Amino acid sequence: MRKVFCLIAAVAALTVVVGCAARAPEAVEVVKEVPVVVEGPAVPVVEEVVVMPAPAPGMPRAAADQGLESLEEHMIIWTGDISLIVKDAGESLEKVEAIAKDLGGYVVNSSSWYQEEQLRARLTIRVPAEEFDTAVARLKDLAIRVESRNVSTQDVTEDYTDLDSRLRNLEATETELLELLTEVRERTRKAEDVLAVHRELSNIRGQIEEVKGRMQYLEKMTAMATIDIELIPDVLARPIVVAGWQPSGTAANALRTLIETLQFIVDAAIWLIIYVLPTLIVIAIPFFILWLTWRWWRRWRRRRKVDG
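So for the sequence shown, our numbering puts the first residue at -6; every next one is plus one.
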């Protein structure tokens, strides 16, 4: 049991070295074998990763890396934002989608709405990074003019190199743990020893999957450029022209409105006298007769009570 925990401690130390190595991508990693001395029977040899300083300027890179692969090109994430003044936003929206598909890309999201009875649209497309300039040029061809344009880049080469270095070290640690797990099963066959190694192995495997996921994300983001596009109808983009002040025109409009108001009052009075009042009288006559009848009936009934 004691030797197993010694081996796990050695592997844990190796994991710490892995984390430090990931923060220094310019350093050269050299793997050497270091024997672990414990009490009891002989145990497997555990590898230790030693981080060497970065090579001096002028030193051949191939010799310094000792055969390790290096990235030949920078990994750049391209992002663009462009606003276009177009004649017809609906037609331009279809053309933008066609451009994305033609260049091997796709539409991420798209939205459109009406403003002052004119259709506006905004969408996001992704195209291969090498087609970014072509996509922007073809988008400009759709516009009457370009309202705004913004291009930004993010170099993630160093991040990707760090992750790649960390991944190799984690995979080396995983290999050692697997060998240790096999050795423990063959020699001790104790459940607690196997579980201890297996827990450490699961931890390393989780870190490997996390690093791989991050690397895949960076690969996808650098492989495809993102462009946000806003389509603005030319009608909405035109400047507002304010006509000069004309007092005579204002006075004429006011006089016209006054005459129309007086005409409305006279017309209303005519309708009231000729149509509304006679109609009300005709409607009121039956109710008036009913009221007189009701009063007469009450008086007659009162007299009968008095006589009786």
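By construction, the Cβ of each residue, glycine as well, lies at the ideal position given by its N, Cα and C atoms.
Computed from a prediction, not measured in an experiment: that's the story for all the values here.
- Counted as a single uninterrupted DSSP element, the beta strand (DSSP E) harbouring E223 occupies residues M217 to P226.
- Between R131 and G98, the CB-CB gap reaches or exceeds 8 Å.
- For G73, the three-state secondary structure derived from DSSP is strand.
- E179 and M208 have their C-alpha atoms spaced approximately 36 Å apart.
- F281 sits exposed, since fewer than 16 C-beta atoms from the chains shown fall within 10 Å of its C-beta.
- Secondary structure at L229: helix, using DSSP grouped into helix, strand and coil.
- When DSSP states are grouped into helix, strand and coil, Q200 belongs to the helix group.
- For the pair of segments examined, the region 133 to 153 was found not to touch the region 174 to 189: the number of CB pairs separated by less than 8 Å stays below three.
- Rounded to whole angstroms, the gap between the alpha carbons of A165 and G206 is 18 Å.
- Annotation note: the region 118 to 194 contains the following uninterrupted beta strand (DSSP E) runs of length 3 or greater, listed N- to C-terminal: 138 to 148.
- The C-alpha of R198 is placed about 50 Å away from the C-alpha of D134.
- Here T272 is exposed, its C-beta having fewer than 16 other C-beta atoms within 10 Å.
- Annotated as distal: S85 and E140, with beta-carbon spacing of 8 Å or more.
- As DSSP reads the structure, R115 sits in a beta bridge with S104 and E223.
- Membership of D300 in the alpha helix (DSSP H) is indicated by the continuous run L270 to D300.
- The Cβ atoms of L116 and I222 lie closer than 8 Å to each other.
- Of the candidates I201, V190 and E169, I201 places its Cα closest to the Cα of R159.
- For the pair K80 and I137, the CB atoms are nearer than the 8 Å cut-off.
- Between A91 and R113, the C-beta spacing is not below 8 Å.
- Shown here for K88: same chain residues with a beta carbon closer than 6 Å to its own, the five before and five after excluded, namely L135 in chain order.
- Note: V79 is bridge-paired with P226 in the DSSP secondary-structure output.
- The beta carbon of T72 is closer than 6 Å to those of S145 and T219 in its chain, skipping five residues each way along the sequence.
- Put simply, the backbone Cα of R161 is about 10 Å away from that of V204.
- Counting along the chain, the unbroken alpha helix (DSSP H) around E253 starts and ends at P240 to W264.
- Taking the C-beta atoms as reference points, E193 is found nearer than 8 Å to L170.
- Rounded to whole angstroms, the separation of the alpha carbons of K213 and V100 is 15 Å.
- Classified as buried, I78 has 16 or more neighbouring CB atoms from the shown chains inside 10 Å of its CB.
- Bridge pairing for Y99: R119 [DSSP].
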